[in-house]
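Number of protein chains: 2
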Amino acid sequence: MSATAELKSSGLEGVSAGKSAVCCVDQGTLLYRGYEIADLAKNATFEEVAYLLLVGEKPNATQLANFKKSLLAHREIPDDVVDILRQTATQPNAHPMDVLRTCISYMAHFDPDCQSIDPEAELRKSTRLTAQIPTIIGHMQNIIDGRDIVKPDPSLDHAANLLYMMTGRKPSAEEARIIDVSLILYAEHDFNASTFTGRVIAGTLSDLHGAVAGAVAALKGPLHGGANEAAMEMLKEIDQFIAKGGTVDDFMTRAFAEKRKLMGFGHRVYKNGDHRAGILNALGRAYAEKKGPDAVKWFDIGDKVQKIMLDQKNIFPNVDFPCGMTYFTLGIPVPQYTPIFVAARITGWAAHIMEQHQNNRLIRPLAEYTGPAQRKWNA
Amino acid sequence: MSATAELKSSGLEGVSAGKSAVCCVDQGTLLYRGYEIADLAKNATFEEVAYLLLVGEKPNATQLANFKKSLLAHREIPDDVVDILRQTATQPNAHPMDVLRTCISYMAHFDPDCQSIDPEAELRKSTRLTAQIPTIIGHMQNIIDGRDIVKPDPSLDHAANLLYMMTGRKPSAEEARIIDVSLILYAEHDFNASTFTGRVIAGTLSDLHGAVAGAVAALKGPLHGGANEAAMEMLKEIDQFIAKGGTVDDFMTRAFAEKRKLMGFGHRVYKNGDHRAGILNALGRAYAEKKGPDAVKWFDIGDKVQKIMLDQKNIFPNVDFPCGMTYFTLGIPVPQYTPIFVAARITGWAAHIMEQHQNNRLIRPLAEYTGPAQRKWNA
């Protein structure tokens, strides 16, 4: 191909794909509808942040009470969805993200607002999905673990109830707060690959459930949401390596020599560090210190890995790196880390899908053709 | 927002999102891997075009025979998928594209290659999905119509078998050729919204079934694949309007006055007409003329609508416009037009997903923030 046809950037890096009032991501700051992420992590709850993202403004006391009531009212999932979970979750090839994708796709058929892109219908659907997704995840884990289904507990807030349904154990106030903050941190991040997927789907004026199913598929990938699982798996590998007499330095030297891609590091947008990583690392480490040396170990290994990456490659961790260690310390099974990411990001996805529908233009880029010149079929 | 932050193009119009050797779309030509669309429509079969797209080259006789054997071997779908069809297809809210999306998502759990992005595994999965999708569509329609399931007929080629399974009636040679050509025309179109969705999903290194499920969701939208159904619904509306004493001219004048969006016209890329529209219009009209005045009527109305659009708005029909009339004349239920589009486009999607995986870069654009300036949560 000719030099002029050369792509200026691949993967749309640095290219604006549209306007959005939902989130501002830049080197200096991360804002959800104007509120800085550290401010939200310190002062807001996930329910408040979900409302903020979906509706556009911070809720007042009445609005928040009504929103929480609506979330509580929709936590249960139909028996048919539990049947699908039983059929799929324990298949040898099943990935929890695939199971979640199938359940979300399936639930569309039973949603009375399924085909509507009216703003009020979409807000109802978004609220329902936000309420239902933790229950799908919890029930899926119950089935995988072979225990009885743990029904949602209306006395627990959104994040605490998620942790409870997965494990059957009521979390402490500190555990509830850590998972709540992790959901706040994961709730939104402008045109990341899964949100962008949702917007491309919504841009054809397709429906919200379909756009969310596509976003789940995108988030599954190890270059996106799957990174928190991959980061924890790497820490486990390092732990094994240490048990055999190696050091973190040795492991990293070998990884660099093998040009191995290390998950949980670097970010397409952030070049000077991810605002969210430090917040979760501090919470996770403080909790691990109370649990004891077996828990602190992961953060110690993690600190060494982060220092080596920064010193030798000038690459900062992203939020997925401390997330892996923190969820592990909370006792969450590794394959559910990305589904929990969905339980948070559903709010950001829905906000973007609604924004796309309310001011729509089809998203349809061009391709640069690099294939064969014209030729005849019957040559 | 400031003037400098103004978007140069919205919806990524005119923006290159990457390189591809699959298809060349420009004002003058439409090539699948170098072969011009009219040449393929005249000289190739859908099976040959599917192989061309998936593998990259025209098959020789042995390659084609093996590929057809492989398609034949995978036409049956598991009983569990038929159960899902029975549970969903007749729900009052169910859209056939949603049902198809759920089935494709569900089938992933039972595909032995599901989690692999190895090229050979992806080719096997692509071939299986190409074989299975017509069966899902056919069985779905059987269930909707309340008739017994029509099993695939191994004596029929891919397109003819699709029509047979949907209707229970063996198509004539002409009917088989029309549906075959329509599948060829629909098989591929570079970075259209659904294919681009599949590539964004694949770009996180997520799997093929998830990328296809997302692409199905995107194709459903009335601004994309749903246009063939919307075009036919408009023709029916005009027919009703005529029955009440109106004319096509009156209808169009009113539609223009109401600034109504007319489906099946215009195209993001083609400004001087869609190469595919004329091919299908000619085949459909010739067939309708043999069927008689009740069939020709639609093409007569369609011709008038096309002439008015061109004379008064300088907008050409796209392939969805003649497709609607042609599928209607073939006796295909309108809600299945877009699923049939999937039965063709699965080959293009799969070719792009494989191409993305084989030379991957995460697709992650930027957003231009238009929301509130930074503010304090507890102000």
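Quick mapping for you: the protein sequence lines, in order, are chains E and D.
Its first residue numbered 1, the first sequence is counted upward by one per residue in the working numbering.
Its first residue numbered 380, the second sequence is counted upward by one per residue in the working numbering.
Cβ atoms here follow ideal geometry from the backbone N, Cα and C, with glycine treated the same way.
Endpoints, alpha helix (DSSP H) assigned at residue i
i, result
"Y748 of chain D", "From DSSP, Y748 of chain D is part of no alpha helix (DSSP H) but of the beta strand (DSSP E) over 745-748."
"R70 of chain E", "The residue you asked about is not Arg; residue 70 of chain E is Ser in the sequence shown. S70 of chain E -> alpha helix (DSSP H) spans 61-73."
"G278 of chain E", "275-291"
"L584 of chain D", "Careful: L584 of chain D lies outside any alpha helix (DSSP H) and carries neither H nor E."
"A723 of chain D", "716-737"
"I541 of chain D", "Here residue 541 of chain D is Leu; the residue named in the question, Ile, does not match the sequence. Where L541 of chain D is concerned, the enclosing alpha helix (DSSP H) stretches over 537-546."
"D462 of chain D", "458-467"
"V248 of chain E", "248-257"
"L433 of chain D", "425-434"
"P471 of chain D", "Where P471 of chain D is concerned, there is no enclosing alpha helix (DSSP H), given that its DSSP letter is neither H nor E."
"E13 of chain E", "Counting along the chain, E13 of chain E falls outside any alpha helix (DSSP H), and DSSP gives it neither H nor E."
Residue i versus the options, residue with shortest Cα-Cα distance
i, options, result
"N142 of chain E", "E:D157, E:Y164, E:R128, E:H158", "E:Y164"
"L54 of chain E", "E:N43, E:Y287, E:E233, E:K125", "E:K125"
"E455 of chain D", "D:T509, D:K437, D:T441", "D:T509"
"M519 of chain D", "D:L502, D:A423, D:R480, D:D682", "D:R480"
"S16 of chain E", "D:E426, D:I742, D:Q753, D:P751", "D:I742"
"G82 of chain E", "E:I104, E:E258, E:A282", "The sequence given here has Val at residue 82 of chain E, not Gly. The shortest C-alpha separation from V82 of chain E is found at E:I104."
"A205 of chain E", "E:S116, E:G221, E:L283", "The sequence shown places Leu at residue 205 of chain E, rather than the Ala named in the question. The shortest C-alpha separation from L205 of chain E is found at E:S116."
"P78 of chain E", "E:P339, E:D311, E:W377, E:I136", "E:I136"
"A758 of chain D", "E:S20, E:G34, E:D26", "E:G34"
"A622 of chain D", "D:K676, D:R556, D:F720", "D:K676"
"I557 of chain D", "D:N738, D:A636, D:T708", "D:T708"
"A609 of chain D", "D:N697, D:V428, D:R633, D:D628", "D:N697"
Close Cβ partners of residue i (< 6 angstroms) along its chain, the five nearest in sequence each way excluded
i, result
"A193 of chain E", "A218, H224"
"A5 of chain E", "Because the pLDDT at A5 of chain E is just 38, under 50, the model does not fix this residue reliably, and the point stays unresolved."
"H275 of chain E", "L30, I37"
"L587 of chain D", "E501, K504, I732"
"F316 of chain E", "G273"
"G266 of chain E", "I315"
"L85 of chain E", "H139, M140, I143"
"N228 of chain E", "D320, C323, G324, Y337"
"D536 of chain D", "none"
"K313 of chain E", "none"
"V648 of chain D", "V404"
Terminal residues of the beta strand (DSSP E) in which residue i lies
i, result
"K599 of chain D", "That residue, K599 of chain D, is in no beta strand (DSSP E); its alpha helix (DSSP H) goes 587-599."
"K398 of chain D", "395-399"
"V404 of chain D", "402-404"
"L410 of chain D", "409-411"
Neighbour flag for residue i against chain E, beta carbons, 8 angstroms
i, result
"H537 of chain D", "no"
"T506 of chain D", "no"
"L419 of chain D", "yes"
"T383 of chain D", "The pLDDT assigned to T383 of chain D is 33, lower than 50, so where the model puts this residue is not dependable, and the model offers no usable value."
"D477 of chain D", "yes"
"P751 of chain D", "yes"
"F644 of chain D", "no"
"Y430 of chain D", "no"
"F570 of chain D", "yes"
"T467 of chain D", "yes"
Chain D within 8 angstroms of residue i, Cβ atoms only
i, result
"V82 of chain E", "no"
"E368 of chain E", "yes"
"F251 of chain E", "no"
"W377 of chain E", "yes"
"V380 of chain E", "For residue 380 of chain E there is no data in the structure shown, the boundaries of chain E being 1 and 379."
"Y186 of chain E", "no"
"E174 of chain E", "no"
"K58 of chain E", "yes"
"G14 of chain E", "yes"
"I353 of chain E", "no"
"S10 of chain E", "yes"
"T197 of chain E", "yes"
Cut-off 7 angstroms between Cβ atoms - residues of its own chain near residue i, not counting five sequence neighbours on either side
i, result
"Q356 of chain E", "R199, A202, G203"
"P154 of chain E", "L72"
"S381 of chain D", "Caution is warranted here: a pLDDT of 33 is assigned to S381 of chain D, below 50, making its placement in the model unreliable, and the coordinate value is therefore given only provisionally. Once the five neighbours on either side are set aside, S381 of chain D has no close Cβ partner at all."
Close-in-space but distant-in-sequence residues of the same chain around residue i (CB under 8 angstroms, 5 per side omitted)
i, result
"D459 of chain D", "Y485, F489"
"A468 of chain D", "P475, V478, M519, I522, I523"
Runs of 4 residues minimum, wholly inside the region 488-512 of chain D: which ones carry the alpha helix (DSSP H) assignment?
As summarised for the region 488-512 of chain D, there are no continuous alpha helix (DSSP H) elements at least 4 residues long confined to that stretch.
Inside the region 676-709 of chain D only - alpha helix (DSSP H) runs reaching at least 4 residues:
The region 676-709 of chain D contains these whole alpha helix (DSSP H) runs: 699-708.
Using a Cβ-Cβ cut-off of less than 9 angstroms, give me the residues of the region 110-121 of chain E that come near chain C, in sequence order.
No chain C appears in the structure shown, which is made up of the protein chains E and D.
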